[in-house]
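Protein chains: 2
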Amino acid sequence: MANGTITAPRGFLAAGIGCGIKKSGKPDLGLIVCPTGAKAAAVFTTNKIVSAAVQVCKQHVKSPEIQAVVANSGCANACTGQKGLDNAVKMCAVTARQIEARPANVLVASTGIIGEQLPIGKITAGIPKAVAKLSASAEAGLDFARAIMTTDTRPKQAACKLGISGAEVTITGAIKGAGMIGPNMATTLSFITTDAAVSKPLLAAALKQAVGDSLNKLTVDGHQSTNDTCMILASGLAGNRSITSKCPRYKKFAKALAQLCDDLARQMAHDSEGATRIFKVVVKGAATTAEAARAARAVADYPLVKCAVHGGDPNWGRIICAVGSAGVKLNPERLGCKLDDVTVFSNGSPRKFDALKASRIVSQPEHTITVDLGVGKASDFCYGCDLSAEYVSINADYHT
Amino acid sequence: MANGTITAPRGFLAAGIGCGIKKSGKPDLGLIVCPTGAKAAAVFTTNKIVSAAVQVCKQHVKSPEIQAVVANSGCANACTGQKGLDNAVKMCAVTARQIEARPANVLVASTGIIGEQLPIGKITAGIPKAVAKLSASAEAGLDFARAIMTTDTRPKQAACKLGISGAEVTITGAIKGAGMIGPNMATTLSFITTDAAVSKPLLAAALKQAVGDSLNKLTVDGHQSTNDTCMILASGLAGNRSITSKCPRYKKFAKALAQLCDDLARQMAHDSEGATRIFKVVVKGAATTAEAARAARAVADYPLVKCAVHGGDPNWGRIICAVGSAGVKLNPERLGCKLDDVTVFSNGSPRKFDALKASRIVSQPEHTITVDLGVGKASDFCYGCDLSAEYVSINADYHT
Numbered sequence: 457m458a459n460g461t462i463t464a465p466r467g468f469l470a471a472g473i474g475c476g477i478k479k480s481g482k483p484d485l486g487l488i489v490c491p492t493g494a495k496a497a498a499v500f501t502t503n504k505i506v507s508a509a510v511q512v513c514k515q516h517v518k519s520p521e522i523q524a525v526v527a528n529s530g531c532a533n534a535c536t537g538q539k540g541l542d543n544a545v546k547m548c549a550v551t552a553r554q555i556e557a558r559p560a561n562v563l564v565a566s567t568g569i570i571g572e573q574l575p576i577g578k579i580t581a582g583i584p585k586a587v588a589k590l591s592a593s594a595e596a597g598l599d600f601a602r603a604i605m606t607t608d609t610r611p612k613q614a615a616c617k618l619g620i621s622g623a624e625v626t627i628t629g630a631i632k633g634a635g636m637i638g639p640n641m642a643t644t645l646s647f648i649t650t651d652a653a654v655s656k657p658l659l660a661a662a663l664k665q666a667v668g669d670s671l672n673k674l675t676v677d678g679h680q681s682t683n684d685t686c687m688i689l690a691s692g693l694a695g696n697r698s699i700t701s702k703c704p705r706y707k708k709f710a711k712a713l714a715q716l717c718d719d720l721a722r723q724m725a726h727d728s729e730g731a732t733r734i735f736k737v738v739v740k741g742a743a744t745t746a747e748a749a750r751a752a753r754a755v756a757d758y759p760l761v762k763c764a765v766h767g768g769d770p771n772w773g774r775i776i777c778a779v780g781s782a783g784v785k786l787n788p789e790r791l792g793c794k795l796d797d798v799t800v801f802s803n804g805s806p807r808k809f810d811a812l813k814a815s816r817i818v819s820q821p822e823h824t825i826t827v828d829l830g831v832g833k834a835s836d837f838c839y840g841c842d843l844s845a846e847y848v849s850i851n852a853d854y855h856t
Numbered sequence: 457m458a459n460g461t462i463t464a465p466r467g468f469l470a471a472g473i474g475c476g477i478k479k480s481g482k483p484d485l486g487l488i489v490c491p492t493g494a495k496a497a498a499v500f501t502t503n504k505i506v507s508a509a510v511q512v513c514k515q516h517v518k519s520p521e522i523q524a525v526v527a528n529s530g531c532a533n534a535c536t537g538q539k540g541l542d543n544a545v546k547m548c549a550v551t552a553r554q555i556e557a558r559p560a561n562v563l564v565a566s567t568g569i570i571g572e573q574l575p576i577g578k579i580t581a582g583i584p585k586a587v588a589k590l591s592a593s594a595e596a597g598l599d600f601a602r603a604i605m606t607t608d609t610r611p612k613q614a615a616c617k618l619g620i621s622g623a624e625v626t627i628t629g630a631i632k633g634a635g636m637i638g639p640n641m642a643t644t645l646s647f648i649t650t651d652a653a654v655s656k657p658l659l660a661a662a663l664k665q666a667v668g669d670s671l672n673k674l675t676v677d678g679h680q681s682t683n684d685t686c687m688i689l690a691s692g693l694a695g696n697r698s699i700t701s702k703c704p705r706y707k708k709f710a711k712a713l714a715q716l717c718d719d720l721a722r723q724m725a726h727d728s729e730g731a732t733r734i735f736k737v738v739v740k741g742a743a744t745t746a747e748a749a750r751a752a753r754a755v756a757d758y759p760l761v762k763c764a765v766h767g768g769d770p771n772w773g774r775i776i777c778a779v780g781s782a783g784v785k786l787n788p789e790r791l792g793c794k795l796d797d798v799t800v801f802s803n804g805s806p807r808k809f810d811a812l813k814a815s816r817i818v819s820q821p822e823h824t825i826t827v828d829l830g831v832g833k834a835s836d837f838c839y840g841c842d843l844s845a846e847y848v849s850i851n852a853d854y855h856t
């Protein structure tokens with residue numbers, strides 16, 4: 457695709473600039489504008505402490521049409537009390553004034569350090585500058601993807617095209633990580649644009665399902681932040697017959713959106729703080745899907761498993777230990793574990809295996825750990841990443 | 457105290473030797489013997505997968521009298537099926553034969569790598585050698601403390617004396633860490649000896665309470681192992697009037713035991729894998745004690761908080777983020793946070809504070825994080841330690 461950024465779908469402009477929130481001078485303010493108005497949906501963190509941006513965004517996303525998204529990095533505007541809330545409202549108001557929209561038609565997102573007030577003067581001065589740079593070019597889309605980065609090492613984007621009722625529909629997304637990632641409702645900030653014509657309730661349904669199977673299946677350090685938001689804007693300009701029921705057209709759109717979210721989630725995992733490889737944990741033979749999900753997450757979150765993966769070490773005992781303390785029903789005498797296709801443990805006893813081959817499997821950029829709990833037929837999965845010394849140094853030195 | 461090891465109370469002999477389980481040749485087999493027989497009690501891991509030693513020990517601890525404890529490091533004998541169980545039984549049988557006791561009067565504990573079978577020939581050959589070295593000397597007690605070490609950097613012991621009904625009672629303990637530590641029933645292996653005369657049910661009650669307030673309040677990486685065991689042996693030779701009810705004598709004994717366990721727990725935290733400092737999380741203003749405990753543990757387990765402590769960084773936003781995702785009742789408008797005596801957040805808003813002073817607080821060997829949830833009157837606490845690059849390298853290179 458010539459343009460694989462969020463400006464690729466018809467009807468979207470974007471910009472990303474540095475307005476001075478980050479001391480480094482790096483890009484920290486991003487804008488997406490849909491002049492003709494877009495249907496929008498979003499999923500948010502389930503953390504009980506939510507950022508000012510999330511509080512405002514939860515209200516504004518109910519508007520029938522959204523015309524802009526304003527996002528900043530470098531400051532999360534979370535735990536900032538009434539002043540923080542006033543600043544989030546102001547970001548929407550200033551953006552709205554610039555593009556001649558109503559504040560309720562503007563979504564807002566923030567990411568960065570928690571507990572500090574936004575340098576609101578820098579942001580309100582930056583918004584007109586960003587508006588002046590709005591463009592439908594690939595460069596503008598990339599600028600946006602860069603403006604939302606914090607400890608990310610690279611901008612992360614995904615794009616796909618599909619045919620719906622004879623029209624070409626485009627879906628694109630930009631995402632930022634890279635710490636505080638736990639699978640419970642939306643994870644981190646992600647922005648998806650599409651030109652599909654689709655009703656607001658179905659857009660919301662497709663997004664919820666796509667996030668549930670991708671971003672919400674990813675754990676880096678087991679915690680969701682105060683700011684996690686995933687939003688989608690649909691301009692409806694592709695010319696497809698509008699999707700207004702759960703018909704085959706909806707299913708096609710929902711499937712493409714799910715694949716895009718999976719792509720974004722895995723890119724984020726690979727770029728998560730200090731990560732050198734990722735892994736998928738599949739738990740089967742569980743009593744319920746919820747128990748399978750809990751066990752998978754327990755394995756993916758367990759520091760000793762993450763360290764073993766970092767060391768390319770097929771240390772399956774730690775996997776079993778994590779499963780045992782996950783609080784799920786299991787049969788110790790039928791319990792089993794595989795690393796890709798190598799069985800290391802079955803029916804509660806260790807199996808002889810080729811240690812070199814197993815080590816090679818664990819050292820791949822991605823591998824799959826499969827655990828059979830031996831009690832039922834339910835299964836679920838989770839993505840995790842390794843834990844490196846780099847993660848520690850990034851997070852020991854972030855603040856002061 | 458001249459002898460501050462587990463051989464200090466009257467009636468105990470100990471030994472620790474290297475029998476060849478560890479390739480390094482370091483001590484890996486320990487024995488405690490009480491020829492006159494001791495009342496015993498123990499608490500075990502609540503992990504659903506338990507080691508063979510824990511399975512056997514759970515049965516044997518029901519015996520009215522215990523005459524020996526045999527413990528090995530270097531191999532956990534967990535996830536080892538029937539063969540592992542047979543080996544744990546054999547360790548007891550061989551020890552029993554050597555000291556002319558019954559196998560049911562011998563307790564057993566193992567620690568080390570999960571999923572490998574014990575080199576049982578080396579252990580059965582080692583037991584007579586350890587028996588030959590049994591002694592009531594401080595050196596023998598220290599040898600035992602060394603024989604149970606895995607990634608611990610130093611032997612960890614504690615001792616205290618107290619007067620009960622005119623008699624001098626001694627309580628001593630040895631503990632090993634240092635990874636897979638989560639507060640849920642007993643944590644890691646710990647062995648406590650005392651010469652107090654105390655009934656078996658009251659010994660069990662005092663141990664359960666002491667562990668609940670100390671070892672179970674400690675989290676290093678949020679996971680309990682398959683082998684966690686804390687056991688106490690009471691020889692009854694101190695000459696005190698026997699403790700047979702929850703009288704003042706019991707309370708004095710239980711308090712001393714609780715202090716000893718707290719001492720052991722904190723030593724273990726300081727020596728946990730890669731740790732450079734520890735911290736206490738106090739959560740107050742909670743709806744229930746269970747919610748206070750859950751929130752405290754969420755903070756102590758959160759990798760970003762642990763990294764911030766490692767960096768001496770008063771990054772309280774991460775503390776609030778962890779509390780918000782702990783799934784407990786809280787009032788965002790009354791939420792507060794202190795680092796020792798410095799208030800950094802109150803009534804849901806950030807407070808100006810002396811950053812240098814706060815950084816100095818976080819950089820201490822121990823500091824206290826206090827969080828007020830602002831909804832009730834319940835409180836609880838938890839100990840945690842920092843997360844260092846050292847933790848990663850220890851655990852990435854442990855197995856292969």
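So the sequence lines, in the order shown, correspond to chains E and S. Just so you know, we're using the numbering used here here: the first sequence kicks off at 457 and counts up by one. Just so you know, we're using the numbering used here here: the second sequence kicks off at 457 and counts up by one. Note that beta-carbon positions come from the ideal geometry of N, C-alpha and C, so glycine has one too. Model, not experiment: these values are computed from the prediction.
Legend entry - Alpha carbon of G452(S) to alpha carbon of T685(S), nearest angstrom: Past the boundaries of the shown model lies residue 452(S); chain S is included only from 457 to 856, so the question cannot be answered.
Legend entry - Test: K578(S) CB closer than 8 angstroms to a CB of chain E: no
Inset, instruction - Could you confirm whether any beta carbon from chain S is found closer than 8 angstroms to the beta carbon of D608(E)? - result: no
Legend entry - Which listed residue (M724(E), A470(E), R610(E)) has its alpha carbon closest to that of V526(E): A470(E)
Legend entry - Integer Cβ distance of A601(S) from S670(S), believed to fall under 8 angstroms: 18 angstroms between Cβ atoms; not a contact.
Inset, instruction - Please list the partners that T682(E) has in chain S, where partner means a Cβ-to-Cβ separation under 7 angstroms. - result: C777, G780
Inset, instruction - Keeping to the same chain, check which residues put their C-beta closer than 6 angstroms to that of F809(S); ignore five residues upstream and five downstream. - result: V798, V800
Inset, instruction - Rounded to whole angstroms, what's the CA-CA distance from V738(E) to Y839(S)? Just pull it up for me. - result: 32 angstroms
Inset, instruction - Within its chain, find whatever has a CB closer than 6 angstroms to the CB of E846(S); leave out the 5 residues flanking it on each side and keep chain order. - result: G730
Legend entry - M605(E) versus L645(E): straight-line alpha-carbon distance, rounded: 9 angstroms
Inset, instruction - For the beta strand (DSSP E) holding Q523(E), just list the boundary residues, first then last. - result: 522-529
Inset, instruction - Pair every Cβ in the stretch 464-482 of chain E with every Cβ in the stretch 647-661 of chain E, then say whether three or more of these pairs are closer than 8 angstroms. - result: yes
Legend entry - Neighbour flag for L786(S) against chain E, beta carbons, 8 angstroms: yes
Legend entry - 8 angstroms Cβ cutoff, G832(E) in contact with chain S: no
Legend entry - Contact check, S835(E) vs A754(E), beta carbons under 8 angstroms: no
Legend entry - Cross-chain neighbours of H823(S) in chain E, by beta carbon under 9 angstroms: In chain order: nothing, as chain E lies at least about 16 angstroms away.
Legend entry - contact_flag[the stretch 470-480 of chain S, the stretch 574-582 of chain S] where n(CB pairs < 8 angstroms) is 3 or more: yes
Inset, instruction - Indicate whether at least one CB of chain E lies closer than 8 angstroms to the CB of A642(S). - result: Because A642(S) sits at a pLDDT of 38, beneath the cut-off of 50, its placement in the model cannot be relied upon, and the following sentence gives the value as read from the coordinates. Judged by the 8 angstroms Cβ criterion, A642(S) is not in contact with chain E.
Inset, instruction - Report yes if the CB atom of I462(E) is closer than 8 angstroms to the CB atom of C490(E), and no otherwise. - result: no
Legend entry - Short CB-CB distance (under 8 angstroms) between N503(S) and chain E: yes
Inset, instruction - Give a yes or no on whether 8 angstroms exceeds the smallest Cβ distance from P806(S) to chain E. - result: yes
Legend entry - Contact the stretch 692-704 of chain S vs the stretch 605-614 of chain S: 3+ CB pairs below 8 angstroms: no
Legend entry - Cutoff 8 angstroms: V526(E) Cβ touching any chain S Cβ: no
Inset, instruction - Check each residue of the stretch 733-755 of chain S: if its Cβ is closer than 7 angstroms to any Cβ of chain E, include it; give the result in chain order. - result: none
Legend entry - Alpha-carbon to alpha-carbon, A814(E) and K656(E): 48 angstroms
Legend entry - Inter-residue Cα distance where the pair is T682(S) and G633(E): 34 angstroms
Legend entry - Option nearest A778(E) by Cα separation, candidates G486(S), D484(S), L689(S), T502(S): T502(S)
Inset, instruction - Indicate the three-state DSSP secondary structure (helix, strand or coil) for F468(S) in the structure shown. - result: coil
Inset, instruction - Under 8 angstroms between beta-carbons, which chain S residues line up against F801(E)? List them in chain order, please. - result: C535, G571
Inset, instruction - Could you name the residues that DSSP lists as bridge partners for M687(S)? - result: A498(S), F647(S)
Inset, instruction - Could you name each continuous beta strand (DSSP E) segment of 3 residues or more that falls completely within the stretch 560-625 of chain S, going from the start of the chain to the end? - result: 562-567, 612-620
Legend entry - V512(S) beta carbon less than 8 angstroms from that of C548(S): yes
Inset, instruction - For K478(E), I'd like the list of residues in its chain whose CB is within less than 6 angstroms of its CB, leaving aside the five on either flank, ordered along the chain. - result: D484, G530
Legend entry - Unbroken beta strand (DSSP E) run spanning E846(S), endpoints: Where E846(S) is concerned, there is no enclosing beta strand (DSSP E), although the alpha helix (DSSP H) it sits in stretches over 845-852.
Legend entry - Other residues of its chain near G481(E): CB distance less than 6 angstroms, five sequence neighbours each side excluded: G474
Legend entry - Beta-carbon proximity of I776(E) to L720(E), cut-off 8 angstroms: no
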